[in-house]
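In this note's numbering, the protein residues as written are 1 to 575. Below is one structure, written out as structure tokens, with a few remarks after it.
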Amino acid sequence: MSKKSSPEELRSFRWFGPDTMRGFSHRSRMKQFGFRQEDFTGKPVIAIINTWSEINPCHAHLRERAEFVKRGVWQAGGFPVEIPAFSITETYMKPSPMLYRNLLAMDTEESLRSLPVDGAVLMGGCDKTTPGLLMGAISMDLPAIYLPAGPMLRGNWNGQPLGSGTDLWKFWTERCAGNITREEWLEIENGIARSPGFCMTMGTASTMSALAEALGMTLPGASSIPAPDANHPRMSMDCGRRIVEMVWEDLKPSDVLGMAAFENAIAVDMAIGGSTNALIHLVALAKRRGLPLELSRFDEISKRVPVLADIRPSGRFLMEDFFYAGGLRALMNEMRDLLHLDAVTVNGRTVGENIASARIHNPEVIRRRESPIAAEGGTVVLYGSLAPCGAVIKTSAASEKLMRHTGPAVVFRDYNDMDARIHRDDLDVTPDSVLVLQNAGPLGGPGMPEWGMLPIPKKLLPLGVRDMVRISDARMSGTSYGTCVLHVSPESYIGGPLALVENGDMISLDAHDHRLDLLISGEEMARRRAAWKKPENRYARGYMALYAERVTQAHEGCDFDFLDGTTPVPEPEIH
Ligand code: FES
Numbered sequence: 001m002s003k004k005s006s007p008e009e010l011r012s013f014r015w016f017g018p019d020t021m022r023g024f025s026h027r028s029r030m031k032q033f034g035f036r037q038e039d040f041t042g043k044p045v046i047a048i049i050n051t052w053s054e055i056n057p058c059h060a061h062l063r064e065r066a067e068f069v070k071r072g073v074w075q076a077g078g079f080p081v082e083i084p085a086f087s088i089t090e091t092y093m094k095p096s097p098m099l100y101r102n103l104l105a106m107d108t109e110e111s112l113r114s115l116p117v118d119g120a121v122l123m124g125g126c127d128k129t130t131p132g133l134l135m136g137a138i139s140m141d142l143p144a145i146y147l148p149a150g151p152m153l154r155g156n157w158n159g160q161p162l163g164s165g166t167d168l169w170k171f172w173t174e175r176c177a178g179n180i181t182r183e184e185w186l187e188i189e190n191g192i193a194r195s196p197g198f199c200m201t202m203g204t205a206s207t208m209s210a211l212a213e214a215l216g217m218t219l220p221g222a223s224s225i226p227a228p229d230a231n232h233p234r235m236s237m238d239c240g241r242r243i244v245e246m247v248w249e250d251l252k253p254s255d256v257l258g259m260a261a262f263e264n265a266i267a268v269d270m271a272i273g274g275s276t277n278a279l280i281h282l283v284a285l286a287k288r289r290g291l292p293l294e295l296s297r298f299d300e301i302s303k304r305v306p307v308l309a310d311i312r313p314s315g316r317f318l319m320e321d322f323f324y325a326g327g328l329r330a331l332m333n334e335m336r337d338l339l340h341l342d343a344v345t346v347n348g349r350t351v352g353e354n355i356a357s358a359r360i361h362n363p364e365v366i367r368r369r370e371s372p373i374a375a376e377g378g379t380v381v382l383y384g385s386l387a388p389c390g391a392v393i394k395t396s397a398a399s400e401k402l403m404r405h406t407g408p409a410v411v412f413r414d415y416n417d418m419d420a421r422i423h424r425d426d427l428d429v430t431p432d433s434v435l436v437l438q439n440a441g442p443l444g445g446p447g448m449p450e451w452g453m454l455p456i457p458k459k460l461l462p463l464g465v466r467d468m469v470r471i472s473d474a475r476m477s478g479t480s481y482g483t484c485v486l487h488v489s490p491e492s493y494i495g496g497p498l499a500l501v502e503n504g505d506m507i508s509l510d511a512h513d514h515r516l517d518l519l520i521s522g523e524e525m526a527r528r529r530a531a532w533k534k535p536e537n538r539y540a541r542g543y544m545a546l547y548a549e550r551v552t553q554a555h556e557g558c559d560f561d562f563l564d565g566t567t568p569v570p571e572p573e574i575h
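See the structure below:
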């Protein structure tokens, strides 16, 4: 980190400073907006990378919040420019928003590289936008602050709180069981999402925003503020003020994101009972920094970190309650002995300094160390003959009685097959069966859709069955729950062992021993492997062709292989 001491040292000065024909062109077009030269020349030019969109309700307020960021930038002597970025919306984007995380990362990196900017405020929140924006910012490595959109308010139905996703799955199962009327269903539909902001359970959005803070990439406390709370625009303005200082200090993501920051994020992920998606995203983020982050590291940290956040789907409360209970700073202070307190953050202070004054106001929501939700972290990595490169299970949202389970496989060869057969009366399934979904991974899905919480077959619902062991190479929404083994790697579409499972094969899950095994002989496995046929390539052109050719497997972060690492990309020439 070396401070900049003169306007001429600013990156943007290369565009706006020179007395050349190109300098003339750059200045005259900025004057076209109505600005004077002294407004933008020799001042930190701040890109406000905004993923606002009218098809993304989680970001409905980000257009207005960008104005608060701009106020902060102006106040601190910078020059703000709002730049739209690809808005990945979890609800609407098919076949899977995960397909497009890397596209947002490229959009972010290349916008920052190609334009005359000195620093960035990254505005996101809906699941994939947080890792996408951060991956791009890490690779470009200009000073950057992440501004989380914040969770929406609690849902409400007849006075009882509703949680995004989590209560949708729960009440849908009850509707399928005939316990919810259509009128009640519509009431729930009207009450489950009632303000701007992202899903307010501990889904992927809440998880990744919290991890952005744990990484040191947000202002302290930013990730817990509900979107409609007046603290949110105040925080937005603070981001604007601070990023200008960061440009002069030359405080870049590479100064913040050392291995200590990633280990803090993993520890916090375990303590909040975070989404399983976090493993994929953190691995991808670390690879962008050139840091090796093996899945086994998550397991090591998980063993010493208790689950402290009592938030659905692992617990009872919602993100609004978490904020009132003290928010992430309070949770981190409660586990301060498990964190690297000397890791530096974007406000220029250390994690330890940022959390020192935080207090827990409601120990029901943020548990004290002596009464955790679980003694160990909420996510377990599994290895075994069915997952040689790993799989994950969110134990904090699974059934204890299924943590050790052996049962016969009921195999669905893809999502359509599952959709067509799972609720049929003639499906050969019992409560002890293990439901297996193939071809739902990075290439098979494609994009690892969140199909991992396979529905419970309707014929088992009257028996009171509400959970079963389910295994796939898909992901699962962070708002989902159940004994779902996910991210099986290598995936079935490229011939991983999951592709070789047949109906009736016995499968053994031992989450306590971190094992996932297909109980067939080595000879039988080899015979099936020899008979397996590689599927035809489905994508001949466009982004999907690039994706199919270059995406990596789940345990490697699902980034494009040419985007990880820190090989320098030259600054653009200005001719
Ligand atoms: Fe955007 Fe859940 S749909 S965070």
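Where a beta carbon is used, it is the ideal one built from N, C-alpha and C, also for glycine.
Placement of the Cβ of A205 at a distance of less than 6 Å from at least one heavy atom of the ligand FES is found. The beta carbon of D127 sits closer than 6 Å to at least one heavy atom of the ligand FES. For the pair of segments examined, the stretch 260-268 was found to touch the stretch 209-216: the number of CB pairs separated by less than 8 Å reaches three. Straight-line measurement puts the Cα of Y383 at about 11 Å from the Cα of D299.
Not one heavy atom of the ligand FES falls within 6 Å of the beta-carbon of E54.
Here the alpha carbon of T406 sits roughly 8 Å from the alpha carbon of D432. When the five nearest sequence neighbours on each side are left out, the beta carbons in the same chain lying within less than 6 Å of the beta carbon of K70 are those of P80, in order along the chain.
V392 is bridged by DSSP to V381, L486.
DSSP places Q37 within a helical segment (H, G or I) once states are collapsed to three.
Secondary structure note for M506: its beta strand (DSSP E) is the uninterrupted segment 506-510. Closest by C-alpha distance to P408, out of V434, E524, G78, is V434. In the DSSP assignment, E82 falls within the unbroken beta strand (DSSP E) covering 79-84.
At least one heavy atom of the ligand FES lies less than 6 Å from the C-beta of T91. Ranked by Cα distance from M235, the first of V244, S223, E245 is S223.
The beta carbon of H512 sits closer than 7 Å to the beta carbons of M403, R404 from its chain, once the five residues preceding and following it are set aside; these are given in chain order. Ranked by Cα distance from G327, the options R424, P151, A60 are led by P151.
In this structure, the ligand FES has a non-hydrogen atom nearer than 6 Å to the beta-carbon of C58. For F198, the shortest separation between its Cβ and any heavy atom of the ligand FES lies below 6 Å.
Ranked by Cα distance from E502, the options V436, R349, L279, K394 are led by V436. For secondary structure counted as the alpha helix (DSSP H) over 4 or more consecutive residues, the stretch 129-179 holds these complete runs in sequence order: 129-140, 166-176. Scanning the stretch 297-343 for uninterrupted alpha helix (DSSP H) segments of 4 residues or longer gives 319-324, 327-334, listed from N- to C-terminal end. Listed in chain order, the non-local C-beta contacts of D510 below 6 Å within the same chain comprise R404, local neighbours out to five positions each way being set aside.
In the three-state reduction of the DSSP assignment, S472 falls in the strand class. F198 is bridged by DSSP to P151. Beta-bridge partners of H26 (DSSP): none assigned.
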